[in-house]
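**Q** First the structure, then my questions, so here it is.
4 protein chains.
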Amino acid sequence: MMKLSRFLNSNRNALGKATDVPRHPCKWFPRCLASLNTMSCYATKTEKFADRVFAPYSVFKGKAALSVEPVLPTFSKFGSGNLKVDRRGSMMLTFLPAIGERKYDHEKRQKFALSATEVGSLLSMGPKDSCEFFHDPSMLSSNAGQVRKNLSIKPHSDGSGYFISLSVANNILKTAERFTVPVTTAEFTVLKTACSFALPHIMGWDRLTTPVPGTLASKLSKVDPQMPDLEWDK
Amino acid sequence: MMKLSRFLNSNRNALGKATDVPRHPCKWFPRCLASLNTMSCYATKTEKFADRVFAPYSVFKGKAALSVEPVLPTFSKFGSGNLKVDRRGSMMLTFLPAIGERKYDHEKRQKFALSATEVGSLLSMGPKDSCEFFHDPSMLSSNAGQVRKNLSIKPHSDGSGYFISLSVANNILKTAERFTVPVTTAEFTVLKTACSFALPHIMGWDRLTTPVPGTLASKLSKVDPQMPDLEWDK
Amino acid sequence: MMKLSRFLNSNRNALGKATDVPRHPCKWFPRCLASLNTMSCYATKTEKFADRVFAPYSVFKGKAALSVEPVLPTFSKFGSGNLKVDRRGSMMLTFLPAIGERKYDHEKRQKFALSATEVGSLLSMGPKDSCEFFHDPSMLSSNAGQVRKNLSIKPHSDGSGYFISLSVANNILKTAERFTVPVTTAEFTVLKTACSFALPHIMGWDRLTTPVPGTLASKLSKVDPQMPDLEWDK
Amino acid sequence: MMKLSRFLNSNRNALGKATDVPRHPCKWFPRCLASLNTMSCYATKTEKFADRVFAPYSVFKGKAALSVEPVLPTFSKFGSGNLKVDRRGSMMLTFLPAIGERKYDHEKRQKFALSATEVGSLLSMGPKDSCEFFHDPSMLSSNAGQVRKNLSIKPHSDGSGYFISLSVANNILKTAERFTVPVTTAEFTVLKTACSFALPHIMGWDRLTTPVPGTLASKLSKVDPQMPDLEWDK
């Protein structure tokens, strides 16, 4: 099985290699990359001359493409120059339907943002495990329940990978869409390894721990002497 | 089991998602976040204009909330500009009792600081393992034994996660408190992944290895030629 | 088995230790290191005074040597100061045939660049798994199929490591070469651990997440407030 | 077993906690810390005003103490501002014999430097595995075989940890020493996690991949367009 899956994977890699070799892109690549990054372009509307780096990990398959990239948390100031996480980061999954051989329709893309805990579910999956998440963009608002998104990850019967599916039911637009992207064990291992790297960053813990001189880390070291008492302090 | 646990987890995520979506906070969130960071606010009393970053990973459950964040080590100078770890870092666990739906009492919070080795115990836990730690804040002082803290991590019978419990017995105040927070496999995986990331930082090893130009790392490279002989040197 | 393999490994280490102790190099070491880095020297032709760092992980065995090092992605600017990955990074494997005891012929070296997904295959290998990759440098050009490269990783029958083999069939030069390097479990674990570290970097994700002040990361945090809506935005 | 070992571990932690709580050090701590860092102090003789950071992970047990810390590689320049690894880094193990309760004799310390591949052996160990390494400081010199060092790691019969032993036979001084330090599963997990973090750094790969603006990483991105052809280039 393993061996077979690897052959399938490597053969797939040999054919065009669109999956991970942008230097041999599908002939619509610039357009579809742009599409993948519309989210980011959108964001840049809010600031001038911002540097954004677009480095999605993309899996192009027959019926749809899946692109994954981390979104960093935002911080807000409070007190005497302190920062707290304002909005958690996430792993943003973008699905595009295929509309021809290696052609994907960015107008019909759908997104799903995995929270830190949902990333934890993905990281803890074994070869036979499934997981499923439900999001409601209007949760806690008057439109609650009008749009429902459901992401599921289900193993291939032969253990050679997973099916990653997104369903979006929109009662306002009266639309229902479904995307399914089969990912190999190799592709899923890239996702797990990259998500494991990204998790502390989307949690904002890299800010706590990377000792860039003159920033919090070096300053923290000055204040920590108080720390241990605080385990006991009320 | 796995599959079931994931459904439970994702459903739980769907309900309010207070666990990991601060942008849909519980309605007492600002107050309870403040409470979680009193430790840090305390510390800032000792320095002016310090940048502190607050990015706890918080799990809000029915009877209590658990918040986890790394505390960096402190360094002191000695010799000709050398630094040594003055106080090890730790993973600080903060428990808050619930006093209503998604309302937590920060006045009654209790803290428990995991050492590097205790983090190692947590990292090595399999789905059926338990671990337990005992701390005495007054250890080696005349009050030894007056306050005793006991943290235990026990697996759910169905393997779907763990119960994390803190007991605090204070013979001086004549109080005894107990907090129990059930965590899912997904939440525990976040804790393990984040603790694995944080461990070298609370040990101070990021200072040894991150080559910030002009600091120790680049200087180390000048002195290391002596090093190998030193394996044999007395 | 495990124990035996470790003895074999440690004994092998004890003999000259060329594998991982450059300070006791084979007597042709400077020349063979130069050879390993010709790729890089080539590159430096295109820029003056570039800093390049050469830190390959090299395994010197009886019939061939294998050297592995990451190659970082390239970025190109677009829009208002945005960056996108222009060419993915890779793990570059370089094989050199032995032409005498601890002497390797850098004129006859062959290279094989593992993509992110191929690195994922390597990372997901268990002690009994194999994997195989096929590359065609002329793919999609008129010379397609003229040069074919085949990298295979096969486990030792006793589970004590793997054979890493590269075959290169060149129909233009009418040449066929094959290199086989046996690697111990310890050496393969170094490769896996180092590839796991390198993967986010060859994907360009370190650029997304390392918060170097004043660069994208800190700017991203300004624009992210728009982000979450975008999960739902069309 | 697991559970038992954890109790033993946590109880051990509760008693003085010298292992990982320097803020409750053994009463000889400053002296024994100094001893652990003589290697480093030695090195500083060769440069003025160097910043060194001392952050060993130390395990203090009844008959001996073991202290572990990474040693970074050294680089030398060549060509037009290029750097190559001059001497690989290592994980330095320092053993000190006990000469009383929590008192350790730094005069009698012995060191053993694990290479990257030896770290790979340690990282790949399962709960029942052993490994053993042999070093000869005088290897390839006229004194070859005069001093022999043997490091062994053997599992506890109950799977609750490992015995780490160093034997040093010195035919010149006519001495033979042996140190054995029992480490718990928790302590070994700290070693594995910290070694896994340190491995890319002792290999020098952090220099290749950390994109400090204006250094190699950003420059590399300019030259990499040549790269892929080089997979095929002779």
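Protein chains in written order, with numbering that gives the first Met the number 0: chain A, 0 to 233; chain B, 0 to 233; chain C, 0 to 233; chain D, 0 to 233.
Every residue, glycine too, gets a C-beta built ideally from N, C-alpha and C.
Note that the coordinates shown come from a computational prediction; the quantities given were computed from them, not determined experimentally.
1. Within 10 Å of its beta-carbon, does residue 65 of chain A have 16 or more other beta-carbons around it, so buried, or fewer, so exposed?
2. Is there at least one Cβ from chain B nearer than 8 Å to residue 69 of chain D's Cβ?
3. Return the residue from the list C/51, C/86, C/68 that minimises the CA-CA distance to residue 78 of chain D.
4. Chain B partners of residue 169 of chain A, CB-CB under 7 Å?
5. Along the chain, where does the alpha helix (DSSP H) containing residue 200 of chain A start, and where does it finish?
6. So, helix, strand or coil for residue 120 of chain D, using DSSP?
7. Within the same chain, show all residues whose beta-carbon is closer than 6 Å to that of residue 131 of chain B, passing over the 5 residues directly before and after it, in chain order.
8. Let's test the definition: count the other Cβ atoms within 10 Å of the Cβ of residue 60 of chain D and tell me whether it reaches 16, buried, or not, exposed.
9. Could you check the C-alpha separation between residue 149 of chain A and residue 117 of chain A for me, to the nearest Å?
10. With 16 as the cutoff for other CB atoms within 10 Å, does residue 120 of chain C come out buried or exposed?
11. Given that residue 82 of chain A touches chain B, what residues does it touch there, using C-beta distances under 9 Å?
12. Residues bridged to residue 149 of chain D by DSSP?
13. On a Cα-Cα basis, can you pick out the residue from B/197, B/142, B/160, B/122 that is closest to residue 55 of chain B?
14. Relative to the C-alpha of residue 155 of chain D, which residue among D/193, D/76, D/175, D/125 is closest?
15. What is the residue span of the beta strand (DSSP E) that residue 92 of chain B lies within?
16. Along the chain, where does the beta strand (DSSP E) containing residue 139 of chain A start, and where does it finish?
17. Please classify residue 143 of chain D: is it buried, with 16 or more other beta-carbons within 10 angstroms of its beta-carbon, or exposed?
18. DSSP three-state call for residue 206 of chain A: helix, strand or coil?
19. With H, G and I counted as helix, E and B as strand and the rest as coil, what does DSSP make of residue 110 of chain C?
20. For the candidate residues D/106, D/137, D/91, D/122, whose alpha-carbon lies nearest to that of residue 97 of chain D?
21. From D/159, D/109, D/162, D/58, pick the residue whose C-alpha is nearest to that of residue 101 of chain D; which is it?
22. Is residue 99 of chain A buried or exposed, if buried means 16 or more other CB atoms sit within 10 Å of its CB?
23. By alpha-carbon positions, which one of B/93, B/181, B/180, B/136 ends up nearest to residue 171 of chain B?
24. Using a Cβ-based criterion (distance less than 7 Å to any ligand heavy atom), does residue 57 of chain C qualify as near the ligand ADP?
25. Which whole-angstrom value describes the C-beta separation of residue 74 of chain B and residue 84 of chain B, a residue pair presumed to lie in contact below a C-beta threshold of 8 Å?
26. Out of curiosity, what's the CA-to-CA distance linking residue 34 of chain C and residue 87 of chain C?
27. Quick check: what's the CA-CA separation for residue 169 of chain C versus residue 184 of chain C?
28. Using a threshold of 8 Å, state whether the C-beta atoms of residue 92 of chain D and residue 194 of chain D are closer than that.
29. Is the CB of residue 166 of chain D under 8 Å away from at least one CB in chain C?
30. For a test of the three-state rule: what should DSSP assign to residue 115 of chain D, helix, strand or coil?
31. Could you tell me which of B/158, B/141, B/147, B/108 sits nearest to residue 127 of chain B, measuring between CA atoms?
32. Using a Cβ-Cβ cut-off of less than 7 Å, give me the residues of the region 99-118 of chain B that come near chain A, in sequence order.
33. What does the alpha-carbon distance come out to for the pair residue 163 of chain D and residue 95 of chain A?
34. Given residue 167 of chain B, which residues of its chain have a CB within under 6 Å of its CB, disregarding the five upstream and five downstream residues?
35. Please report how far the alpha carbon of residue 174 of chain C lies from the alpha carbon of residue 202 of chain D, in whole angstroms.
36. Can you check whether the CB of residue 90 of chain A is closer than 8 Å to the CB of residue 69 of chain A?
**A** Concretely, from the data shown:
1. buried
2. yes
3. C/51
4. Within 7 Å Cβ-Cβ: nothing; residue 169 of chain A doesn't reach chain B, min ~17 Å.
5. Per DSSP, residue 200 of chain A belongs to the alpha helix (DSSP H) from 184-201.
6. helix
7. 151
8. Classified as buried, residue 60 of chain D has 16 or more neighbouring CB atoms from the shown chains inside 10 Å of its CB.
9. 13 Å
10. buried
11. 50, 51, 52, 53, 54
12. D/133, D/166
13. B/197
14. D/125
15. 89-96
16. Neither: residue 139 of chain A is in no beta strand (DSSP E) and is coded neither H nor E.
17. Residue 143 of chain D should be labelled exposed.
18. helix
19. strand
20. D/106
21. D/58
22. exposed
23. B/136
24. No copy of the ligand ADP occurs in the structure displayed, which carries no ligand at all.
25. 6 Å
26. Residue confidence for residue 34 of chain C is low, a pLDDT of 27 falling below 50, so the modelled location carries little weight and cannot support an answer.
27. 32 Å
28. no
29. Chain C contact via Cβ: absent.
30. helix
31. B/158
32. 110, 111, 112
33. 54 Å
34. Spatial neighbours of residue 167 of chain B in its own chain (CB-CB distance under 6 Å, excluding positions within 5 residues in sequence) are listed in chain order as 109, 148, 176.
35. 35 Å
36. yes
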